[in-house]
Amino acid sequence: MSAFPRTTTATAPGKIILLGEHAVVYGRPAIAVPVTDVTVTATIRDCAAGSGCTILAHDLGHTVALDNADSTNPLAFIVQLTLAELQLPDNPDWQIEIHSQIPIAGGLGSGAAVSTAICRAIFTHSGHAPDPSRISALVYRSEELYHGTPSGIDNTVIAYAMPIWFVKGGTIEPFTSGNTFTMVIADSGISSPTKETVADVRRQWQAEPARFEAIFDEIAALVHAARRQIEYGTIDKLGALMDQNQLLLEALGVSSPRLQTLIEAARQAGAWGAKLSGGGRGGNVIALVEDARVTRVSAALTEAGAKRVLTTQITATQQRD
Ligand code: PMV
0 MSAFPRTTTA
10 TAPGKIILLG
20 EHAVVYGRPA
30 IAVPVTDVTV
40 TATIRDCAAG
50 SGCTILAHDL
60 GHTVALDNAD
70 STNPLAFIVQ
80 LTLAELQLPD
90 NPDWQIEIHS
100 QIPIAGGLGS
110 GAAVSTAICR
120 AIFTHSGHAP
130 DPSRISALVY
140 RSEELYHGTP
150 SGIDNTVIAY
160 AMPIWFVKGG
170 TIEPFTSGNT
180 FTMVIADSGI
190 SSPTKETVAD
200 VRRQWQAEPA
210 RFEAIFDEIA
220 ALVHAARRQI
230 EYGTIDKLGA
240 LMDQNQLLLE
250 ALGVSSPRLQ
260 TLIEAARQAG
270 AWGAKLSGGG
280 RGGNVIALVE
290 DARVTRVSAA
300 LTEAGAKRVL
310 TTQITATQQR
320 D
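Numbering follows numbering that gives the first Met the number 0, in which position 28 of the sequence shown is assigned residue number 27; successive positions increment by one, without gaps.
Right, here's the structure in full:
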């Protein structure tokens with residue numbers, strides 16, 4: 000008879016990158032925040048002895064028997080990785096059920112959130128504290144399947160579930176927010192694999208290193224300035240920094256006419272600033288909006304063709320240790 004609980008549920012949020020995407024792959028800082036309005040839930044149930052481990056992911060259209068899984072199956076991969084990390088049996092008698100509210104390939108970190116929820120559930124179900132740094136490291140390895148050479152920002156912000164200042168290979172720094180602020184997130188409905196935009200930027204950087212390094216430096220300066228405005232709570236000033244970051248993302252070649260239409264619609268409707276978020280070309284646009292204008296900006300984004308519009312609040316925080 001197991002001493003562990005029979006059923007364990009764990010969740011993980013989505014995420015957005017506020018500023019610094021792409022440059023972060025080249026060692027510059029980026030700021031990312033969790034989006035708690037959309038989550039993934041993973042539930043583990045003990046099953047009869049000998050039944051083995053089955054993963055049910057209805058929203059993702061998967062049912063996988065762990066002992067039969069393809070080596071490239073990302074769900075089986077994170078389960079196997081976590082079982083090995085915790086030195087657990089390689090095919091426990093569990094049903095792992097996943098429900099996700101996060102659109103796939105929509106720039107909200109759905110892959111990292113699914114892996115994080117699974118990982119956290121396995122840690123807790125087997126009596127281990129779900130340590131964010133261990134979970135982040137495991138999820139990073141599953142992210143490599145999706146992204147090729149991820150910077151690590153998605154797994155970090157989602158595993159820690161708090162706003163972070165991220166530098167690849169550096170220590171994880173939660174940042175303070177002097178004020179609560181609202182972001183409207185609009186899904187362009189265009190799926191654009193991050194792996195491809197990251198590879199395109201790399202090709203261009205190889206061809207013109209000095210020009211691209213200079214753009215990355217300009218982005219880094221904006222990210223530093225944004226951190227100061229967030230810490231001071233002068234949120235309205237963040238909008239102009241987002242707009243400038245968008246111009247530099249356009250210079251990197253990762254925007255698109257579709258994204259620019261949405262960004263312009265948000266600005267016209269009174270957003271303080273707007274930019275693409277994540278890999279670009281498709282995925283999401285984010286707009287910084289004062290509360291009185293959220294309805295108007297959301298309607299303008301829908302009118303301009305956004306497939307789905309979400310609102311998320313980043314709440315004022317105290318420095319965490
Ligand atoms: O497409 P997303 O939301 O997973 O963000 C990718 C962010 C990049 O900086 C473009 C790539 C990375 O690994 O950091």
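A virtual CB, placed ideally from N, CA and C, is assigned to each residue, including glycine.
Determine, using beta carbons only, whether residue i and residue j come nearer to each other than 9 angstroms.
| i | j | result |
| --- | --- | --- |
| GLY238 | ASP186 | no |
| VAL39 | MET182 | no |
| THR6 | THR42 | yes |
| CYS118 | PRO129 | yes |
| THR314 | VAL293 | no |
| GLN94 | THR53 | yes |
| PRO131 | TYR139 | no |
| GLY279 | GLN203 | no |
| GLY272 | LEU240 | yes |
| LEU65 | ILE97 | no |
| GLY147 | ALA112 | no |
| ALA270 | LEU246 | no |
| ALA11 | ALA116 | yes |
| ARG133 | GLU84 | yes |
| ASN178 | GLY232 | yes |
| GLN100 | VAL37 | yes |
Whose C-beta lies closer than 6 angstroms to the C-beta of residue i among residues of the same chain, with five residues either side of it excluded?
| i | result |
| --- | --- |
| ARG307 | ASP186 |
| GLY188 | LYS306 |
| ALA303 | THR260, LEU261 and ALA264 |
| HIS57 | none |
| GLY108 | GLY13, LYS14, ASP153 and ILE157 |
| ALA268 | ARG295, VAL296 and ALA299 |
| THR316 | THR175 and SER176 |
| PHE180 | ILE234 and ILE313 |
| SER114 | ILE77, VAL138 and SER141 |
| SER255 | ARG280 |
| THR35 | PRO12 |
List the endpoints of the continuous alpha helix (DSSP H) containing residue i.
| i | result |
| --- | --- |
| TRP204 | 193-206 |
| ILE117 | 109-124 |
| MET241 | 237-251 |
| THR301 | 293-302 |
| GLU20 | Unbroken run through GLU20: none, as it is neither H nor E. |
| ARG307 | Unbroken run through ARG307 is the beta strand (DSSP E), 307-313; no alpha helix (DSSP H). |
| GLN321 | The first residue shown for the chain is 0 and the last is 320, placing residue 321 beyond what the model contains. |
| PHE76 | 73-84 |
Closer than 7 angstroms by C-beta to residue i: which residues in its own chain qualify, once you throw out the five before and the five after it? Chain order, please.
| i | result |
| --- | --- |
| GLU207 | none |
| LEU300 | VAL183, ALA185, LEU261, ALA264, ALA265 and VAL308 |
| GLY277 | ILE16, GLU20, GLY106, THR193 and ASN283 |
| THR155 | SER135, ILE163, PHE165 and ILE171 |
| ASN244 | LEU18, ILE218, LEU221 and LYS274 |
| ASN72 | VAL63 |
Please work out which residues of its chain come closer than 8 angstroms, Cβ to Cβ, to residue i, disregarding the five sequence neighbours upstream and downstream, and give them in chain order.
| i | result |
| --- | --- |
| LEU82 | PRO88, ASP89, PRO91 and ILE121 |
| GLU212 | TYR25 and TRP204 |
| MET0 | Low local confidence applies: a pLDDT of 44 at MET0 is under 50, so the model's placement there is unreliable, with the coordinate-based value given in what follows. The answer is none, since no qualifying residue turns up. |
| ILE321 | One cannot answer for residue 321 here, as it falls past the ends of the chain, which runs 0 to 320. |
| VAL200 | HIS21, VAL24, PHE211, LEU251, GLY252 and VAL253 |
If you follow the beta strand (DSSP E) that residue i is in, where does it begin and where does it stop?
| i | result |
| --- | --- |
| ALA273 | 272-276 |
| ASP153 | Careful: ASP153 lies outside any beta strand (DSSP E), inside the alpha helix (DSSP H) at 152-159. |
| GLU96 | 93-99 |
| PHE165 | 163-165 |
| THR148 | Run containing THR148: none; DSSP gives neither H nor E here. |
| ALA64 | 61-64 |
| ALA56 | 53-56 |
In terms of DSSP beta bridges, what is residue i paired with?
| i | result |
| --- | --- |
| PHE180 | ILE313 |
| THR8 | THR42 |
| VAL34 | GLY13 |
| ASP89 | DSSP output for ASP89 lists no bridge partner at all. |
| ILE285 | ILE184 and LYS274 |
| PRO173 | ILE163 |
| THR29 | Looking at the sequence itself, residue 29 is Ala, so the reference to Thr does not match. Paired residues: PHE165. |
Under 9 angstroms between C-beta atoms, does residue i make it to chain B?
| i | result |
| --- | --- |
| ASN244 | The structure shown contains no chain B; it is built from a single protein chain. |
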